[in-house]
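*Asks:* If you're matching positions, the sequence shown starts at 45 in the numbering used here and goes up one per residue.
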Amino acid sequence: MTTVKPALKHFLQFKDFSREEFEYLFERTRWIKEQFKSYKQYWPLVDRTLVMIFEKASTRTRLSFEAGVQQLGGSAIYLNTRDSQLGRGEPVEDAAQVISRMSDVVMIRTFEQDIVERFAANSRVPVINGLTNEYHPCQIMADIFTYIEHRGPIQGKTVAWIGDSNNVCNTWLQAAEVLDFNVHVSTPPGYEVEAERAGLYGTDHFKQFADPKDAVKDADIVTTDVWTSMGYEAENEKRMRAFANWRVDAEMMRQAKPEAIFLHCLPAHRGEEVTADVIDGPQSFVWDEAENRLHVQKALMEYLLLGRVSV
Ligand code: CP
Ligand code: NVA
């Protein structure tokens, strides 16, 4: 295996990478997934340590990063707010100095984007955003890889986002600008996309629709997420009322293209943002989507630690 030692690079939001870098990463993901599926050992990260910092709950992100780094020959250390000094007010800058001297790559799930930005600014090693209030870039890498695997290139396609203009929605919007596809968003009044918070360049890859049925019309991907994201629990009751008509159901799916796929980052609430017949139905690819977190993140860690690899 030959590699070129990479310059220090972080993955804090989707637009941190170019289209060409994503094309490389999706190619590597395919190869890495193939090795895994055929039980071939691939250990390029022997002796490398991933530190995972969680300030919010997780099943998929923890599992896919921890299993992923181990499958590449490395190891993972889990830290959470409750059991570390992070929860007792140690400045994030100080934590970054220390943690990055003892590890090779750091993944953080936290609240404001500013926290991962400050951590990265003080880190000697690559930092990966494992979800913030604003973005969830690893999720959208997995979602796009899932679409490409099942339907081919995403360029020029239309993604319909129904529901809350949250971290996952913002990341779809950034991805559309980087990879040249369209996102049609429908949110209840008062929950519209904030372009600046979403970090958009302001290209014309994004349209908002008052009626969710108009947003899904002729879409290639229909996707949604919980009505109340982590950190917004106090607004739950109000949101339940506001989002009642922004549920993806079979009738909505019929407006999309017949070959459209349904995606959801999970965890899902059947009967709230999506009906059971859609998420458990034939157009749903949510289990592949969840599995692909593992494969895309392995490619991502390989890239951040070793640069471009030719085997
Ligand atoms: N989709 C996702 O990030 O899931 P977890 O919250 O379980 O990590
Ligand atoms: N928008 C959700 C995604 C969970 C993976 C949240 O932030 O809670």
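Ideal placement from N, C-alpha and C gives every residue a C-beta, glycine not left out.
The structure presented is a predicted model; accordingly, all values stated were derived computationally and were not measured.
Could you tell me how far apart the beta carbons of V149 and P170 are, in whole angstroms, since I believe they sit closer than 8 Å?
*Replies:* 5 Å between Cβ atoms; contact.
*Asks:* Taking just the CA atoms, how far does E316 sit from G118?
*Replies:* When rounded, the distance between both Cα atoms is 39 Å.
*Asks:* Assign D255 to buried or exposed, taking buried as 16 or more other Cβ atoms, counted over all protein chains shown, within 10 Å of its Cβ.
*Replies:* Exposed is the call here.
*Asks:* Looking only at its chain, what residues have a beta carbon closer than 7 Å to the beta carbon of G112, apart from the 5 residues adjacent to it on each side?
*Replies:* Contacts found: L338, Q341, K342, M345.
*Asks:* Given this structure, state the Cα-to-Cα distance separating L130 from V260, to the nearest angstrom.
*Replies:* If you take the alpha carbons of L130 and V260, they lie about 42 Å apart.
*Asks:* Using the DSSP secondary-structure output, state which residues sit across from W120 in a beta bridge.
*Replies:* The question names Trp, but residue 120 is Ala in the sequence shown. In the DSSP output, where bridge partners are listed per residue, A120 has L94.
*Asks:* Taking the DSSP output, what are the residues bridged to W205?
*Replies:* DSSP, once it has assigned bridges, lists V229, T267 as partnering W205.
*Asks:* From N370 to I192, what does the alpha carbon distance come to, in whole angstroms?
*Replies:* Coverage of the chain is limited to positions 45 through 355, which leaves residue 370 absent and any answer about it impossible.
*Asks:* From the DSSP output, in three-state form, read off M151 for me.
*Replies:* Looking at M151 - three-state DSSP - the assignment turns out to be strand.
*Asks:* Could you give the residue range of the beta strand (DSSP E) that holds I305?
*Replies:* Run containing I305: 305–308, per the beta strand (DSSP E) assignment.
*Asks:* Leaving out the 5 sequence neighbours to the left and right, which residues in its chain are closer than 7 Å to T73 when beta-carbon positions are compared?
*Replies:* Result list for T73: F189, H339, V340, A343, in chain order.
*Asks:* What's the C-alpha gap between T247 and M146?
*Replies:* The straight-line gap from Cα to Cα measures roughly 41 Å.
*Asks:* Relative to the C-alpha of M284, which residue among E335, H313, K81 is closest?
*Replies:* The option with the nearest alpha carbon to M284 is H313.
*Asks:* Would you check if there are 3 or more beta carbon pairs closer than 8 Å linking the region 237–253 to the region 291–306?
*Replies:* The region 237–253, when compared against the region 291–306, does not touch it at the 8 Å Cβ threshold.
*Asks:* To the nearest angstrom, how far is it from the Cα of T231 to the Cα of A219?
*Replies:* Cα to Cα, T231 sits roughly 19 Å from A219.
*Asks:* In this structure, how does DSSP classify S82 when only helix, strand and coil are distinguished?
*Replies:* Three-state DSSP puts S82 in coil, outside helix and strand.
*Asks:* For the alpha helix (DSSP H) that contains F163, what are its first and last residues?
*Replies:* Segment 157–165, the alpha helix (DSSP H) holding F163.
*Asks:* If you follow the alpha helix (DSSP H) that V318 is part of, which residue opens it and which one closes it?
*Replies:* V318 -> no alpha helix (DSSP H), and no H or E assigned at all.
*Asks:* Looking at A186 and K263, is the spacing between their C-beta atoms short of 7 Å?
*Replies:* For the record, residue 263 in the displayed sequence is Ala; it is not Lys. Result no, Cβ atoms of A263 and A186 do not sit closer than 7 Å.
*Asks:* Tell me whether S144 is buried or exposed, calling it buried when 16 or more other Cβ atoms sit within 10 Å of its Cβ.
*Replies:* S144 is buried by the Cβ-count criterion.
*Asks:* Does the distance from the CB of H249 to the CB of N226 come in under 7 Å?
*Replies:* Taking 7 Å as the Cβ cut-off, H249 and N226 qualify as a contacting pair.
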